[in-house]
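Residues are numbered in our numbering as their position in the sequence shown, beginning at 1, plus a constant of 4. Ideal placement from N, C-alpha and C gives every residue a C-beta, glycine not left out. Quick caveat: nothing in here was measured; it's all calculated off a predicted structure. Structure first, commentary second.
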Amino acid sequence: MTDDAWVSLFSGGKDSSWALYQALNRDLPVERLVTVHPPEDSYMYHVPATELASLAAESIGIPLFEVESSFDAADVTDAGEQGDTEIEPLETALAELDETVGGLAGLTVGAVESEYQNSRVGEMAERLGADVFAPLWQRDPRDLGEAMLDAGFEIRIIRAAAGGLDEGWLGRTLDREALDDLEGLNERYGVHLLGEGGEFETLVTDGPHMDRPIRLEYDTEWDGTRGQLQITDAWLD
């Protein structure tokens, strides 16, 4: 890495993948993907299947830096304190990279509407003296979804947890028909079109920034109101 290097906060989901894709299109020198592996009750990070980020990184061709994040819920008093606690391991890891390169130029982030996440990442970047590239921020959700599909993103829903989302959404491809269905669920239940409220989580299995697609074998786990894919095998095709 060099002192003008960028890093991409990357989970393998659609939002962080789109931020990375847009950064690469603008010729930002992204030299590391940084994936946080959070606990199940994280407020800050994409949770499911972050272990697949290593496959995505291999396909993208950018080295991956992995960060373990954990906290004891008994030690935090509210959501704000939890968010501050969760950002600490990431900031420590980025500070190490900053020291290695003699100055980190910037970070990409996939936040759409979450001020909770966006403000904390922004404050962290300011402390590190780094810029932030957030190309999804405050964009129209339908326009973003359409843009991802137009670019050739293949997006799979891997977790669902909201009224109106049943077991049939697990493993479903997020295509235009799915966007239409989500618009109906937004009107009826308030489901965010891109799952920004945690209604669902995704994995990008192919796209123009990837050399090879990710293929999956999985079982589904559903408790009647929420569920997720249990990945049993994954590989690059």
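Cβ neighbour criterion (16 or more within 10 Å) applied to residue i
i, result
"residue 122", "buried"
"residue 33", "exposed"
"residue 232", "buried"
"residue 31", "exposed"
"residue 36", "buried"
"residue 177", "exposed"
"residue 124", "buried"
"residue 156", "exposed"
"residue 142", "exposed"
"residue 201", "exposed"
"residue 160", "buried"
"residue 150", "exposed"
Alpha-carbon to alpha-carbon, residue j and residue i
i, j, result
"residue 138", "residue 24", "10 Å"
"residue 17", "residue 56", "10 Å"
"residue 147", "residue 58", "29 Å"
"residue 236", "residue 53", "11 Å"
"residue 114", "residue 21", "8 Å"
"residue 67", "residue 61", "6 Å"
"residue 173", "residue 103", "44 Å"
"residue 180", "residue 153", "8 Å"
"residue 82", "residue 64", "37 Å"
"residue 225", "residue 88", "31 Å"
"residue 14", "residue 119", "18 Å"
"residue 223", "residue 133", "44 Å"
Cβ-Cβ separation, residue j to residue i (assumed contact under 8 Å), whole Å
i, j, result
"residue 71", "residue 39", "7 Å"
"residue 242", "residue 19", "The structure shown does not extend to residue 242, since the chain spans only 5 to 241, so no value can be given for it."
"residue 213", "residue 94", "Between residue 94 and residue 213 the Cβ distance is about 22 Å, and since that is not below 8 Å, they are no contact."
"residue 182", "residue 108", "The pair is not a contact, with the Cβ atoms about 37 Å apart (cut-off 8 Å)."
"residue 218", "residue 209", "4 Å"
"residue 168", "residue 195", "6 Å"
Exercise for the section: List in chain order: all unbroken beta strand (DSSP E) runs of 3+ residues lying wholly within the region 138-186. Expected result: DSSP runs (the beta strand (DSSP E)) wholly in the region 138-186: 158-164.
Handout entry: Length at least 3, wholly inside the region 20-44: the beta strand (DSSP E) runs in chain order
Key = 34-41
Practice task
Tell me, please, whether the region 89-101 touches the region 124-137 by the rule of three or more beta-carbon pairs shorter than 8 Å.
Solution key: The region 89-101 is in contact with the region 124-137.
Problem - Contact the region 223-240 vs the region 176-190: 3+ CB pairs below 8 Å - result: Because the criterion of three Cβ pairs below 8 Å is not met, the region 223-240 and the region 176-190 do not touch.
Practice task
Say whether the region 160-167 touches the region 205-222, bearing in mind that this needs 3 or more beta-carbon pairs closer than 8 Å, one atom from each stretch.
Solution key: Cβ pair count under 8 Å is three or more, so yes.
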